[in-house]
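Going left to right, the sequence shown walks through residues 1 to 169 as the UniProt record's numbering numbers them.
Note that beta-carbon positions come from the ideal geometry of N, C-alpha and C, so glycine has one too.
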Amino acid sequence: MTTITLVQGDITQQSVDAIVNAANSSLLGGGGVDGAIHRRGGPAILEDCRRLRASRYGKGLPTGQAVATTAGALDARWVIHTVGPVHSQSLDRSALLASCYRESLRVADELGARTVAFPAISAGIYAWPLDDAARIAVETVRATETSVEEVRFVLFDERAYGAFAAQVR
Ligand code: ADP
Numbered sequence: 001m002t003t004i005t006l007v008q009g010d011i012t013q014q015s016v017d018a019i020v021n022a023a024n025s026s027l028l029g030g031g032g033v034d035g036a037i038h039r040r041g042g043p044a045i046l047e048d049c050r051r052l053r054a055s056r057y058g059k060g061l062p063t064g065q066a067v068a069t070t071a072g073a074l075d076a077r078w079v080i081h082t083v084g085p086v087h088s089q090s091l092d093r094s095a096l097l098a099s100c101y102r103e104s105l106r107v108a109d110e111l112g113a114r115t116v117a118f119p120a121i122s123a124g125i126y127a128w129p130l131d132d133a134a135r136i137a138v139e140t141v142r143a144t145e146t147s148v149e150e151v152r153f154v155l156f157d158e159r160a161y162g163a164f165a166a167q168v169r
């Protein structure tokens, strides 16, 4: 059984086996939580990302997929980078958002991670409506078979925390 916990705070301050990054497909850093993870984790994360671009992901990491790197100076063993979909008014991209959670947990299982922290993927710069992002996140984690013991959603502000709390209770 996977326990879901909620924390309001900064994901870069969490002590867990793996921290999930809401990356962009370049894997070379960006704003939001991605920028914070690279800033606090230091250059080792970007070095790993560059290596992944040069080897497996020459065209970038596709939306909905996930890949792990070192966590550098963060208090975690790995960062799992996943690329959320940009929200669209006209297309239903929710399967891709669900895939981010599922694939991140699959990578976590491969690594042997038991505690995994997730941000609200796509709910920032990628403009996914928060309540729907929270619903997809919680439903997908609940429906995924995994050896991860704790999935910790780390929500940056009170509004995001409230949206996830409404789904978990
Ligand atoms: P995306 O491009 O997938 O939308 P963002 O990084 O813009 O990714 O935002 C995803 C979520 O992460 C948003 O809810 C944002 O408020 C939140 N966020 C930003 N910085 C942090 C952080 N340091 N820790 C946890 N969550 C964060």
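Other residues of its chain near residue 87: CB distance less than 8 angstroms, five sequence neighbours each side excluded: On the sequence shown, position 87 is the one that residue 87 refers to. Apart from the 5 residues on each side of it in sequence, residue 87 sits with its Cβ closer than 8 angstroms to the Cβ of 93, 122, 126, 127, 128 and 129 in its chain, given in chain order.
Endpoints, the alpha helix (DSSP H) within which residue 96 is located: As a working note, residue 96 is residue 96 in the sequence shown. Taken as a continuous stretch (DSSP letters only), the alpha helix (DSSP H) holding residue 96 covers 94 to 111.
Terminal residues of the alpha helix (DSSP H) in which residue 80 lies: Translated into the one-based positions of the sequence shown, residue 80 becomes position 80. Segment 78 to 83 is the beta strand (DSSP E) holding residue 80; no alpha helix (DSSP H) there.
Closer than 6 angstroms: residue 125 CB and nearest the ligand ADP heavy atom: Looking up residue 125 in the sequence shown gives position 125. Residue 125: yes, Cβ under 6 angstroms from the ligand ADP.
Reduced DSSP secondary structure (H/G/I, E/B, other) of residue 52: In the sequence shown, counting from the first residue as 1, residue 52 sits at position 52. It is helical.
Beta strand (DSSP E) segments (min. 3 residues) lying fully within the stretch 11 to 48: Counting whole runs of 3 or more residues, the stretch 11 to 48 contains the beta strand (DSSP E) stretches 18 to 23.
Buried versus exposed call for residue 56 [16 or more other C-beta atoms within 10 Å across all chains shown]: Your numbering for residue 56 matches position 56 in the sequence shown. Per the 10 Å Cβ criterion, exposed.
Completely contained alpha helix (DSSP H) runs for the stretch 112 to 146, where each covers 4 or more residues: Counting whole runs of 4 or more residues, the stretch 112 to 146 contains the alpha helix (DSSP H) stretches 130 to 143.
Check: residue 119 C-beta below 6 angstroms from any heavy atom of the ligand ADP: Numbered from its first residue, the sequence shown carries residue 119 at position 119. Flag set: Cβ of residue 119 near the ligand ADP.
Residue 148 - containing beta strand (DSSP E), residue span: Walking along the sequence shown from the start, residue 148 turns up at place 148. That residue, residue 148, is in no beta strand (DSSP E); it is neither H nor E in DSSP.
Any non-hydrogen atom of the ligand HEM within 6 angstroms of residue 154 CB: In the structure shown, the ligand HEM is absent; the only ligands present are the ligand ADP.
From 37, 10, 49 and 16, residue whose alpha carbon lies closest to that of residue 151: Position 151 of the sequence shown, counted from the first residue, corresponds to residue 151. That would be 16, whose Cα lies nearest to the Cα of residue 151.
Straight-line gap, residue 18 to residue 76 (C-alpha atoms, nearest Å): Position 18 of the sequence shown, counting from 1, holds the residue named residue 18. Position 76 of the sequence shown, counting from 1, holds the residue named residue 76. Pairing residue 18 with residue 76, the inter-Cα distance amounts to about 6 angstroms.
Beta carbon of residue 104 nearer than 7 angstroms to that of residue 20: Counting from one through the sequence shown, the residue named residue 104 turns up at place 104. Counting from one through the sequence shown, the residue named residue 20 turns up at place 20. A contact, by the Cβ cut-off of 7 angstroms.
For residue 8: DSSP bridge partner residues: The count along the sequence shown starts at 1 and reaches residue 8 at position 8. The partner list for residue 8 (beta bridge, DSSP) reads 155.
Supposed close pair residue 26, residue 60 - CB separation, criterion 8 angstroms: Here residue 26 refers to the residue found at position 26 of the sequence shown. Here residue 60 refers to the residue found at position 60 of the sequence shown. Contact annotation, residue 26 with residue 60: C-beta distance approximately 6 angstroms; criterion of less than 8 angstroms satisfied.
Per DSSP, the bridge partner or partners of residue 3: Taking the sequence shown and counting its residues from 1, one reaches residue 3 at position 3. The partner list for residue 3 (beta bridge, DSSP) reads 150.
Counted within 10 angstroms of its Cβ, other Cβ atoms place residue 119 as buried (16 or more) or exposed: Taking the sequence shown and counting its residues from 1, one reaches residue 119 at position 119. Buried, by the Cβ-count rule.
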